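First the structure, in the form of structure tokens, and then the observations on it.
2 protein chains.
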Amino acid sequence: MILEFAEIDVKAGHEADFESAVAQALPLFHAARGCGGVQLQRGIEQPNRYTLIVRWATLEDHTVGFRGSEAFTRWRALVSPHFETPPRVQHARPVLGGDRPRGR
Amino acid sequence: MILEFAEIDVKAGHEADFESAVAQALPLFHAARGCGGVQLQRGIEQPNRYTLIVRWATLEDHTVGFRGSEAFTRWRALVSPHFETPPRVQHARPVLGGDRPRGR
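Order-wise, the sequence lines are chains A and F.
If you want the working numbering, it's the position in the first sequence, counting the first as 1, plus 1.
If you want the working numbering, it's the position in the second sequence, counting the first as 1, plus 1.
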């Protein structure tokens, strides 16, 4: 399992519309091969900065499978009108950690 | 619940030592008030770039409680010798999403 981190700065005043567009697009991710889940985080220090975190079974499930699919075109059509700048995308692998142990 | 994202670039060749130091420091987080869990992610495109993701009950549990504690001093003593640059810290709130629905 790997994670996609996409940092997205949204145009001023577009925050609610962007959030609605992501909500509308969730089924595109849930139907994609290798996608384990999607979370959208909104910045506290910079409230027009969002981080989309997507879990993929493999890097290629994102970079080849999803990006090469019709679903990606539909995803971008929904959200890109709200982008202030192009998303900054990085991928990472979990190294360690997890939930706080129970009973603490 | 909020998330802390700390992006940390580690000195070349220090990756294994940094990961060991974070593993050693996990109990400091698990004992901290409001900490719900810690994950360490290692970059794929830039393998000396790590993202530490910490769940906190409130922003102040991190910025006031943890940063003002002895545990923070011990955490920094363990990991800072491996920092290439100062960590870039942001906080965010979950807006939407989660695991992929079961049965897909």
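The C-beta atom is built at its ideal place from N, Cα and C for all residues, glycine as well.
The structure displayed is predicted, hence computed values, not measured ones.
Of the residues the options, the one placed nearest residue i, counting alpha carbons only
i	options	result
F/K12	F/R50, F/P95, F/Q42, F/R43	F/R50
A/G98	F/H63, F/V96, F/G38, F/G69	F/G38
F/Q42	F/A26, F/V80, F/A7	F/A7
F/Q40	F/L60, F/E16, F/T52	F/T52
A/E16	A/R101, A/F84, A/R89	A/F84
F/Q47	A/V90, A/L79, A/M2	A/V90
F/A26	F/V80, F/P102, F/D100	F/V80
A/T64	F/E71, F/R68, F/I45, F/P82	F/I45
A/S70	A/M2, A/F30, A/D18	A/F30
Spatial neighbours of residue i in its chain, beta-carbon cut-off 6 angstroms, leaving aside the 5 residues before and after
i	result
F/T86	D10
A/G66	R34
F/P88	A7, I9
Own chain residues within Cβ distance below 8 angstroms of residue i, not counting five before or after
i	result
A/D62	A33, R34, G35, C36
F/L4	I54, V55, R56, W57, H92, A93, R94, P95
Next on the checklist: Ignoring anything shorter than 3 residues, give me the beta strand (DSSP E) runs that lie fully in the region 3-65 of chain A, in order along the chain.
Outcome noted: 3-10, 36-44, 50-57
Checklist entry - With a cut-off of 8 angstroms, do at least 3 Cβ pairs link the region 17-34 of chain A to the region 67-77 of chain F? => result no
Checklist entry - Of all the residues that make up the region 91-104 of chain A, which are near chain B by a beta-carbon distance shorter than 7 angstroms? => result As a matter of chain content, chain B is missing from the structure shown, whose protein chains are A and F.
Next on the checklist: Short of 8 angstroms Cβ to Cβ, which residues in the region 20-52 of chain F face chain A?
Outcome noted: E20, V23, A24, L27, F30, H31, A32, C36, G37, G38, V39, Q40, L41, Q42, R43, G44, I45, E46, Q47, R50, Y51, T52
Next on the checklist: Short of 9 angstroms Cβ to Cβ, which residues in the region 56-86 of chain F face chain A?
Outcome noted: R56, L60
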